[in-house]
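First comes the structure, then the notes that go with it.
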Amino acid sequence: RKTRSIRSIGPRGLTLIEACAALTVVGVLATAGMPSLKSTFERKTLQGLAAELAADLHLARSDAVARQVGVRVAIHGGDGGSCVVAYTGPADGCRCAGASAPVCEAEATVLRYRFVPASSGVAVSANVGSLRFDPRLGTATPSGTLTLASASGASVRHVVNMMGRVRSCSPGAGVSGFAAC
Numbered sequence: 002r003k004t005r006s007i008r009s010i011g012p013r014g015l016t017l018i019e020a021c022a023a024l025t026v027v028g029v030l031a032t033a034g035m036p037s038l039k040s041t042f043e044r045k046t047l048q049g050l051a052a053e054l055a056a057d058l059h060l061a062r063s064d065a066v067a068r069q070v071g072v073r074v075a076i077h078g079g080d081g082g083s084c085v086v087a088y089t090g091p092a093d094g095c096r097c098a099g100a101s102a103p104v105c106e107a108e109a110t111v112l113r114y115r116f117v118p119a120s121s122g123v124a125v126s127a128n129v130g131s132l133r134f135d136p137r138l139g140t141a142t143p144s145g146t147l148t149l150a151s152a153s154g155a156s157v158r159h160v161v162n163m164m165g166r167v168r169s170c171s172p173g174a175g176v177s178g179f180a181a182c
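Going from the sequence shown to our numbering is simple: count from 1 and add 1.
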């Protein structure tokens, strides 16, 4: 019978140089992926906000018919971000005051509002001051386009026609889930 010698096994692990090299490789890979990650985050934020704004427009139209009162949707932009407010009352009856609740005149009532901070990378704009949904037929006056645009250039448009219907699209089909404009 043979006996085997037992070798001493020293401590295993990384040397300082190997650890630094591994951290450098991880850092380079993480830095290379940051623009892609930021773009993906912006695109997902844009998709989510576009879906929420479309729902808000549909609800404003439904509220007008259900409450039998005209409902307006207005977009207000500023340095801190964009505000979308649905309200009853005159054309300039409500104004957004940054991230806080909109300020309305006595005869105007806020139904809902959404503040989109500039830090989200998405801005909301419109080609009209406000849209008004008619209480009898749900029609919109005037027709208009609400645009959500990300800092990277992707955008989604919500086109509200005279019948009050909302059609959503993305220029060049740049945002998945939306038809091309």
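Even for Gly, the Cβ is constructed at its ideal location relative to N, Cα and C.
1) Assuming Ser40 contacts Ser153 under a Cβ cut-off of 8 Å, what Cβ separation, rounded to an integer in Å, is found between them?
2) Counting C-beta neighbours from all protein chains within 10 Å, is the total for Gln69 16 or more, i.e. buried, or is it exposed?
3) Would you mind reading off the limits of the beta strand (DSSP E) that contains Gly165?
4) Mind reading off the beta-carbon distance from Ser101 to Val123? Whole number of angstroms is fine, and I expect it under 8 Å.
5) Cβ of Leu132 within 7 Å of Cβ of Val85?
6) Using a Cβ-Cβ cut-off of 7 Å (strictly less than) and excluding sequence neighbours within five positions of Leu58, which residues of its own chain qualify?
7) Under 8 Å: do the region 108-117 and the region 84-98 share three or more Cβ pairs, one atom per stretch?
8) Would you give the residue range spanned by the beta strand (DSSP E) that Leu112 belongs to?
9) Which same chain residues end up closer than 6 Å to Ala180 when comparing Cβ atoms and leaving out the 5 residues on each side of it in sequence?
According to the structure shown:
1) Residue numbering aside, residue 40 sits at position 39 when the sequence shown is read from its first letter. Residue numbering aside, residue 153 sits at position 152 when the sequence shown is read from its first letter. Yes, they are in contact, since the Cβ atoms of Ser40 and Ser153 sit about 5 Å apart, within 8 Å.
2) Mapped onto the sequence shown, residue 69 falls at position 68. With fewer than 16 Cβ atoms within 10 Å of its Cβ, Gln69 is classed as exposed.
3) Within the sequence shown, numbered from 1, the residue matching residue 165 stands at position 164. If you look at Gly165, you'll find it isn't in any beta strand (DSSP E); DSSP assigns it neither H nor E.
4) Numbered from 1 along the sequence shown, position 100 holds the residue referred to as residue 101. Numbered from 1 along the sequence shown, position 122 holds the residue referred to as residue 123. Contact annotation, Ser101 with Val123: C-beta distance approximately 20 Å; criterion of less than 8 Å not satisfied.
5) Position 131 of the sequence shown holds residue 132. Position 84 of the sequence shown holds residue 85. Between Leu132 and Val85, the gap from beta carbon to beta carbon reaches 7 Å or more.
6) Residue mapping note: residue 58 aligns to position 57 of the sequence shown, counting from 1. Only Val74, His159, Val161 and Val167 meet the Cβ criterion.
7) The region 108-117 vs the region 84-98: in contact.
8) Counting from 1 along the sequence shown, the entry for residue 112 is found at position 111. Thr110 to Pro118 is the span of the beta strand (DSSP E), which, as asked, contains Leu112.
9) Counting from 1 along the sequence shown, the entry for residue 180 is found at position 179. So the qualifying residues of the chain are Cys170.
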